[in-house]
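Enquirer: Can you keep this structure in mind? I'll have questions shortly.
There are 2 protein chains.
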Amino acid sequence: MTIAEANEFRALCDRAGIAVTHQRQVIYQVLSGMHGHPSPEEVYGRVKVRIPAISLATVYKNIHVFIESGIFCTVSLHHGSLRVETNHSPHHHLVCTGCRSITDIAAGDLGLPVKAHKLRGGFLAQRYAVDVLGLCPECQKSVS
Amino acid sequence: MTIAEANEFRALCDRAGIAVTHQRQVIYQVLSGMHGHPSPEEVYGRVKVRIPAISLATVYKNIHVFIESGIFCTVSLHHGSLRVETNHSPHHHLVCTGCRSITDIAAGDLGLPVKAHKLRGGFLAQRYAVDVLGLCPECQKSVS
DNA sequence: TTGACAAACGATAATAATTATCGTTTACTA
DNA sequence: TAGTAAACGATAATTATTATCGTTTGTCAA
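Residue numbers (the numbering used here), protein chains in the order written: chain R, 77 to 220; chain C, 77 to 220.
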């Protein structure tokens, strides 16, 4: 890593109010160099090459730190466990990033296609699922 | 349950090619009577009132059977484990219901709001995450 | 610099969610 | 109504994640 990169990471940590550690920096660099949607286990595998003694728990902890600091996002903010959709009418979800609650909203006014159709690239789109991420009224109170 | 309801469920199972069992019917009825996004554990709790001897595994198995048959959906079709978003540019996801792969698409042409704003109901919308559910080119081959 | 203190680390136990196994029971078809 | 595959219940196993705890390491003020 260059001096510039190191300084950039230091500034990032300052802003987030977290300490600059070797492990944290390597996890950050590995994440930045990956594309797609890696799992903690995959990140661990790559970090281990550079820091063989690192613990999986450290990788998990730092990924969460990065997410809380807004440095990275998660792909899905839904509940971690299986949930069944009991609302059969077309609708989307308000997902609260504070309390992780999920509320339904009618699909009607979003104007997305309802029929299956092919996208450029050959993907057959069957259904659009929109998550509106934000804060529910309750969580807005606790933030302010 | 009424005779009509029983017949309706029987027809449903016929179409799905699955056997009609007492447990399956009660799980179906309980699911149909719940709103929101219940977890298997919650479904189990309610089913147990009517069939005290039922096993949690049976609830899991039947929820999966219902999902595979298209009788119910899952709230999220993403990987069950934590995934980190490494693509920092605004984009959405093509989620394949066959192989569960997630591919990025640029957000540009979806025309959804980018700025945070309040929705009726008081929810503060900060970001839209759109999943386009469907089949990737590979999985379209295996289906046909 | 250095010394105190909080933050972070590594190892690993614990927990939660889910799936697999397997012997028994039950529904479906001939 | 008998044979067979599917479904069931009990429970072990697995996977993903989090908590605990003793040790080490940054950070910040003196």
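Note that beta-carbon positions come from the ideal geometry of N, C-alpha and C, so glycine has one too.
Assign glycine 121 (chain R) to one of three DSSP states: helix, strand, or coil.
Expert: helix
Enquirer: Over what stretch of residues does the beta strand (DSSP E) that includes alanine 82 (chain R) continue unbroken?
Expert: Unbroken run through alanine 82 (chain R) is the alpha helix (DSSP H), 79-92; no beta strand (DSSP E).
Enquirer: Mind checking which residues open and close the beta strand (DSSP E) that includes alanine 182 (chain C)?
Expert: 178-182
Enquirer: Among C:Arg159, C:Thr150 and C:Lys191, whose alpha-carbon lies nearest the alpha-carbon of leucine 158 (chain R)?
Expert: When each option's Cα is compared against that of leucine 158 (chain R), the closest is C:Thr150.
Enquirer: Along the stretch 81-103 of chain R, where does the CB come closer than 8 angstroms to a CB of chain C? Name the residues.
Expert: Of all residues in the stretch 81-103 of chain R, none has a Cβ within less than 8 angstroms of some Cβ in chain C.
Enquirer: Would histidine 111 (chain R) pass as an interface residue toward chain C - the criterion being a Cβ-Cβ separation below 8 angstroms?
Expert: yes
Enquirer: From which residue to which residue does the alpha helix (DSSP H) around histidine 98 (chain R) run?
Expert: That run of the alpha helix (DSSP H) goes 98-109.
Enquirer: Looking at the C-beta of valine 206 (chain R), does it have a partner C-beta in chain C at a distance below 8 angstroms?
Expert: yes
Enquirer: Who does tyrosine 136 (chain C) pair with in a DSSP beta bridge?
Expert: Beta-bridge pairing links tyrosine 136 (chain C) to no other residue.
Enquirer: Verify whether the separation of the beta carbon atoms of valine 141 (chain R) and isoleucine 94 (chain R) is less than 8 angstroms.
Expert: yes
Enquirer: Pairs of beta-carbons, one from the stretch 171-181 of chain R and one from the stretch 206-218 of chain R, closer than 8 angstroms: are there three or more?
Expert: yes
Enquirer: For arginine 100 (chain C), count the other beta carbons within 10 Å of its own beta carbon; 16 or more makes it buried, fewer makes it exposed. Which is it?
Expert: So arginine 100 (chain C) counts as buried.
Enquirer: Which same chain residues end up closer than 7 angstroms to histidine 167 (chain C) when comparing Cβ atoms and leaving out the 5 residues on each side of it in sequence?
Expert: Here the set comprises Asp180, Ile181, Ala182 and Ala183.
Enquirer: Would you please verify whether the beta carbon of glycine 198 (chain C) is less than 8 angstroms from any beta carbon of chain R?
Expert: yes
Enquirer: Between threonine 162 (chain R) and proline 116 (chain C), how many whole angstroms is the CB-CB distance? I'm expecting something under 8 angstroms.
Expert: Not confirmed; about 13 angstroms, so no contact.
Enquirer: At 9 angstroms on the CB atoms, spell out the chain C contacts of glutamine 202 (chain R), in chain order.
Expert: Thr173, Val208, Leu209, Gly210 and Leu211
Enquirer: Determine whether the beta carbon atoms of histidine 169 (chain C) and isoleucine 178 (chain C) lie at a separation below 8 angstroms.
Expert: yes
Enquirer: Is there a Cβ of chain C sitting closer than 8 angstroms to that of valine 151 (chain R), yes or no?
Expert: yes
Enquirer: Find the residues of chain C that neighbour glutamate 161 (chain R), judging by a C-beta separation of less than 7 angstroms, and give them in chain order.
Expert: His113, Phe148, Cys149, Thr150 and Val151
Enquirer: What residues from chain C crowd round isoleucine 178 (chain R), counting only those whose CB sits closer than 7 angstroms?
Expert: His113 and Val151
Enquirer: Does the Cβ-Cβ distance between valine 119 (chain C) and isoleucine 147 (chain C) come in under 8 angstroms?
Expert: no
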